[in-house]
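Beneath this line is the structure, given in C-alpha cells, with notes to follow.
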Amino acid sequence: MNAVLIIDKPAGLTSHDVVNRARRILRERSIGHLGTLDPMATGVLPLVTGNLTRLAQFYTASEKTYEGTIRFGFATDTYDADGEATTTPQDVTPRAEEIEAIATRFRGLIEQTPPPFSAKKIKGVPAYKLARQHKEVVLKPVQVEIKEFVILAVEADGARFRARVASGTYMRSVAHDMGRELGCGAHLESLRRTSVAEFNLDDAHTLEQLAAATHNMHTGIASPGGTHDNSPPVLLAGPTKPAQPRPGGTPETLDDYFIHARKLLPDFPSVTADEPTVARIRSGRTVNLPDVSRARQVKVFASQRELIAIATRIAGTLFHPKIVLCV
45 MNAVLIIDKP
55 AGLTSHDVVN
65 RARRILRERS
75 IGHLGTLDPM
85 ATGVLPLVTG
95 NLTRLAQFYT
105 ASEKTYEGTI
115 RFGFATDTYD
125 ADGEATTTPQ
135 DVTPRAEEIE
145 AIATRFRGLI
155 EQTPPPFSAK
165 KIKGVPAYKL
175 ARQHKEVVLK
185 PVQVEIKEFV
195 ILAVEADGAR
205 FRARVASGTY
215 MRSVAHDMGR
225 ELGCGAHLES
235 LRRTSVAEFN
245 LDDAHTLEQL
255 AAATHNMHTG
265 IASPGGTHDN
275 SPPVLLAGPT
285 KPAQPRPGGT
295 PETLDDYFIH
305 ARKLLPDFPS
315 VTADEPTVAR
325 IRSGRTVNLP
335 DVSRARQVKV
345 FASQRELIAI
355 ATRIAGTLFH
365 PKIVLCV
C-alpha cells in the first residue's frame with residue numbers, strides 16, 4: 045500500500061501512537077508521519093505508507109498553522125496543560141491591549157528556547173527523557189520564524205490565537221514566554237493544528253473512520269474497482285464525517301481516504317513519462333524531460349495516478365531520479 049492520508053489526531057495520543065494504530069488498521073508495517081504533534085494537541089497529522097514514506101524528506105521544512113488558547117496565571121514544566129505548575133497560580137485578567145502588545149514581540153524571526161519536554165537532543169538524548177528523570181535540561185535558543193500570530197480574542201485569563209509558523213517553532217514556548225513577559229506565568233491550554241504543507245483539516249479523517257472504511261473493504265462492502273494493496277493513492281473526498289453511503293448509494297471505500305498523488309508536493313511540476321522513459325527511471329538512469337527543463341525537481345508519473353519518482357535536473361533537460369518510488 046503506497047499512500048498518503050491525513051489523520052485528525054485526537055488529544056491524548058502521541059504521534060507514534062497514531063502511527064501504530066494506523067499500522068494495525070491498514071495491516072501495513074511501513075507507515076510514518078510528517079511532523080510530530082504533542083499528545084495534548086489535535087488536528088492534522090499526515091501519514092505516509094509503503095514506498096511513499098520516502099517522500100518524508102521533502103516535508104522536513106514544511107510550514108504549519110495552528111489555532112489554540114494560552115492560559116495566563118501560572119507556568120508548567122511542560123509549557124502546556126499536561127504539566128505540573130512551576131509557579132504559584134494567581135488570578136489574572138489581562139487586558140486585550142496588553143496581550144496584543146506582547147504578541148507583536150513574537151512575530152517574524154525570533155530567538156526561541158525549546159521546551160524542556162521536547163524531542164530536541166542533548167548529547168544524543170532527547171530532552172524529554174532527561175526532564176522525566178528530573179535531570180537538568182539546558183537547551184540553547186534557536187532562531188524560528190512566526191509568519192503570522194493573530195490574537196483572536198482575550199477572555200478572562202485566556203487568549204485565543206491563530207498562528208502560521210516555519211518548521212521547528214514551538215507554540216508551547218510562545219505561551220510560556222508570553223507569560224514571563226506579563227510576569228504572571230502562562231501555558232498552552234489547547235492546540236489544534238489546522239494545516240501542514242499542502243494538507244489541511246478538509247483532508248483529515250479520524251482513526252475510527254479509517255477503521256470503518258478498512259472493515260468495509262475486508263467485508264466486501266466497497267464500490268466497483270475497490271482498493272487492494274497495490275491501489276494507487278486517490279484524492280481524499282468529502283467532509284470529515286462517519287463513513288456512510290454517498291449520494292446514489294455507493295459506499296465510501298478505503299481509497300477515499302488517500303490523497304491523490306498529483307496533489308502531493310504542489311511546488312514540483314508533474315510530468316507523465318512514456319514507457320521507455322519509465323523503464324529508464326525504474327532502473328535509476330538519467331532521462332530527458334524537455335517539458336520541464338526549467339524545474340529543479342519534478343514528479344514523474346507512469347500514468348495519471350502512479351507516481352514513480354522524484355527527479356532532479358542535472359543539466360539542461362536531463363534529470364536523474366532522486367528517489368524511485370515504484371520499481
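In the numbering used here, the protein residues as written are 45 to 371.
Where a beta carbon is used, it is the ideal one built from N, C-alpha and C, also for glycine.
Quantities reported herein were computed from a predicted structural model and do not represent experimental measurements.
If you draw a straight line from the alpha carbon of Arg-324 to that of Asp-318, how long is it in whole angstroms? Counting from one through the sequence shown, the residue named residue 324 turns up at place 280. Counting from one through the sequence shown, the residue named residue 318 turns up at place 274. Straight-line Cα distance between these residues: approximately 10 Å.
Pick helix, strand or coil for Ala-47, following the three-state DSSP scheme. Here residue 47 is taken as the residue at index 3 of the sequence shown, counted from 1. Correct three-state label for Ala-47: strand.
Can you tell me where the alpha helix (DSSP H) with Val-62 in it begins and where it stops? Position 18 of the sequence shown, counting from 1, holds the residue named residue 62. That run of the alpha helix (DSSP H) goes 59-70.
Just mark Ala-140 as buried or exposed, buried being the case when its beta carbon has 16 or more other beta carbons within 10 Å. Looking up residue 140 in the sequence shown gives position 96. Counting Cβ neighbours within 10 Å, Ala-140 comes out exposed, since fewer than 16 surround it.
Cβ atoms of Thr-109 and Thr-238: under 8 Å apart, would you say? Reading the sequence shown from its first residue, position 194 is the one you call residue 238. Reading the sequence shown from its first residue, position 65 is the one you call residue 109. In this structure, Thr-109 lies closer than 8 Å to Thr-238 by Cβ.
Can you tell me the Cβ-Cβ gap for Asp-126 and Pro-83, rounded? I've got them flagged as a contact below 8 Å. As a first step, residue 126 is located in the sequence shown; it is residue number 82 there, counting from the start. As a first step, residue 83 is located in the sequence shown; it is residue number 39 there, counting from the start. Contact check for Asp-126 and Pro-83: beta-carbon distance about 7 Å, within the 8 Å limit, so the pair qualifies.
Would you report the Cα separation of Ser-162 and Pro-334, rounded to the nearest angstrom? Numbered from 1 along the sequence shown, position 118 holds the residue referred to as residue 162. Numbered from 1 along the sequence shown, position 290 holds the residue referred to as residue 334. Taking the straight line from one Cα to the other gives about 46 Å.
Going along the chain, which residues of its own chain have a beta-carbon closer than 6 Å to the beta-carbon of Glu-72, five neighbours each way excluded? As a working mapping, residue 72 is identified with position 28 in the sequence shown. Hits under 6 Å: Met-45, Thr-93.
Own chain residues within Cβ distance below 6 Å of Phe-118, not counting five before or after: Within the sequence shown, numbered from 1, the residue matching residue 118 stands at position 74. Answer for Phe-118: Ala-129, Thr-131, Pro-133, Gly-229, listed in chain order.
Could you spell out where the alpha helix (DSSP H) holding Ser-217 opens and where it closes? The sequence position of residue 217 within the sequence shown is 173, counting from 1. Where Ser-217 is concerned, the enclosing alpha helix (DSSP H) stretches over 215-226.
Spell out the partners DSSP gives Gln-134 in its beta bridges. Looking up residue 134 in the sequence shown gives position 90. DSSP lists no partner for Gln-134.
Where Pro-365 falls: helix, strand or coil (DSSP): The sequence position of residue 365 within the sequence shown is 321, counting from 1. Correct three-state label for Pro-365: strand.
Using beta-carbon positions only, say whether Leu-81 and Ser-59 come within less than 8 Å of one another. The sequence position of residue 81 within the sequence shown is 37, counting from 1. The sequence position of residue 59 within the sequence shown is 15, counting from 1. Going by C-beta atoms, Leu-81 is nearer than 8 Å to Ser-59.
Beta carbon of Leu-226, beta carbon of Phe-116: below 8 Å? Residue numbering aside, residue 226 sits at position 182 when the sequence shown is read from its first letter. Residue numbering aside, residue 116 sits at position 72 when the sequence shown is read from its first letter. Cβ distance < 8 Å, so Leu-226 and Phe-116 count as in contact.
Contacts around Ala-200, its chain only, beta-carbon distance under 8 Å, and the 5 residues preceding and following it disregarded: Taking the sequence shown and counting its residues from 1, the one referred to as residue 200 is at position 156. Same-chain partners within the cutoff: Thr-137.
Rounded to whole angstroms, what is the Cα-Cα separation between Pro-310 and Val-240? In the sequence shown, counting from the first residue as 1, residue 310 sits at position 266. In the sequence shown, counting from the first residue as 1, residue 240 sits at position 196. Going by the C-alpha atoms only, they are around 13 Å apart.
Rounded C-beta distance between Ile-154 and Ile-190? I'm assuming under 8 Å. On the sequence shown, residue 154 is found 110 positions in, with the first residue counted as 1. On the sequence shown, residue 190 is found 146 positions in, with the first residue counted as 1. 6 Å between Cβ atoms; contact.
Taking all protein chains shown into account, do 16 or more other C-beta atoms lie within 10 angstroms of the C-beta of Lys-53, making it buried, or fewer, making it exposed? The sequence position of residue 53 within the sequence shown is 9, counting from 1. Buried, by the Cβ-count rule.
Nearest CA to the CA of Gly-56: which residue from Arg-326, Val-315, Ser-234? As a working mapping, residue 56 is identified with position 12 in the sequence shown. Per the Cα distances, Ser-234.
Tell me, which residues are paired with Phe-302 by DSSP? If you number the sequence shown from 1, residue 302 lands on position 258. DSSP lists Leu-49 as partners of Phe-302.
Through-space distance from Arg-149 to Gln-288, alpha-carbon basis: If you number the sequence shown from 1, residue 288 lands on position 244. If you number the sequence shown from 1, residue 149 lands on position 105. Because the pLDDT of Gln-288 is 41, which lies under 50, any placement of that residue in the model is unreliable, and the number read from its coordinates should be weighed accordingly. Rounded to the nearest angstrom, the two C-alpha atoms are 47 Å apart.
Around the Cβ of Gly-282, are there at least 16 other Cβ atoms within 10 angstroms (buried) or fewer (exposed)? Counting from one through the sequence shown, the residue named residue 282 turns up at place 238. At Gly-282 the pLDDT is 32, less than 50, meaning the model places this residue with poor confidence; the figure from the coordinates comes in the next sentence. Exposed.
Three-state secondary structure assigned by DSSP to Gln-348: Start at 1 with the first residue of the sequence shown, and residue 348 comes out as number 304. Of the three classes helix, strand and coil, the one that applies to Gln-348 here is coil, per DSSP.
Can you tell me whether Leu-78 is helix, strand or coil according to DSSP? Locating residue 78 in the sequence shown gives position 34, counting from the first residue. Assigned with DSSP and collapsed to three states, Leu-78 falls in coil, not helix or strand.
Coil, strand or helix - Thr-176 by DSSP: Position 132 of the sequence shown, counting from 1, holds the residue named residue 176. Inspection of the sequence shows that residue 176 is occupied by Arg rather than by Thr. In the structure shown, Arg-176 sits in a helix (DSSP, three-state: H, G or I).
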